[in-house]
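Trainee:
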Amino acid sequence: MKALMTKEKAEDWYNVQPMRRGLNPLSVDSQYEGWYFDFFEHADYDASWKDPMLAWDEHYPQTADIPMMQVGGWYDIFLAGTFKNFTELRRLKKSP
14 MKALMTKEKA EDWYNVQPMR RGLNPLSVDS QYEGWYFDFF EHADYDASWK
64 DPMLAWDEHY PQTADIPMMQ VGGWYDIFLA GTFKNFTELR RLKKSP
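Per the working numbering, residue 14 is the first one in the sequence shown, and the count goes up by one each step.
1. DSSP three-state label for ASN98, please.
2. Do you know whose CA, among LEU39, SER43, LEU105 and LEU67, lies nearest PHE91's CA?
3. Mind checking which residues open and close the alpha helix (DSSP H) that includes SER43?
4. Relative to the C-alpha of PRO31, which candidate in GLU54, PRO74, TRP48 and ALA93 has its C-alpha closest?
5. Please work out which residues of its chain come closer than 8 Å, Cβ to Cβ, to TRP62, disregarding the five sequence neighbours upstream and downstream, and give them in chain order.
6. Which value, in whole angstroms, describes the spacing of the CA atoms of ARG104 and GLY85?
7. If you draw a straight line from the C-alpha of ASP47 to the C-alpha of PHE96, how long is it?
8. Identify which residue in TRP26, THR76, GLN83 and ASP89 has its Cα closest to the Cα of GLU107.
9. Can the beta-carbon of GLU101 be found closer than 9 Å to that of TYR58?
In structure tokens form, the structure reads like this:
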């Protein structure tokens, strides 16, 4: 997979939309291809998007009240979510 993705340029595939399963550079690895298609085949905000791994903020009340550490990079695209998770869980939970 790494060798193919080094050889292929992602930019070349931007205009080849919609991609089809089995007919794209990601087809060499079903996990990568599956992730891509799962992402694009759920355009509506359905149960797939409400999974705690994608929408933790909808599951704060069910989150265990235990000490935890939030980790994110300063230039991470998920930095705002890291701050939100920390501040909201700190407000809702009692553990240090």
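Virtual Cβ for every residue (Gly too), placed ideally from N, Cα, C. Source: prediction; values computed, not measured.
Mentor: If we stick to the structure as given:
1. ASN98 carries a helical assignment under DSSP once its states are collapsed to helix, strand and coil.
2. LEU67
3. Counting along the chain, the alpha helix (DSSP H) containing SER43 begins and ends at 43 to 53.
4. GLU54
5. HIS55 and ALA68
6. Rounded to the nearest angstrom, the gap between the Cα atoms of ARG104 and GLY85 is 19 Å.
7. As written in the sequence, residue 47 is Gly, which differs from the Asp given in the question. Cα to Cα, GLY47 sits roughly 30 Å from PHE96.
8. Per the sequence shown, the amino acid found at residue 107 is Lys instead of Glu. Measuring from the Cα of LYS107, the nearest candidate turns out to be THR76.
9. No, these two residues do not count as a Cβ contact at 9 Å.
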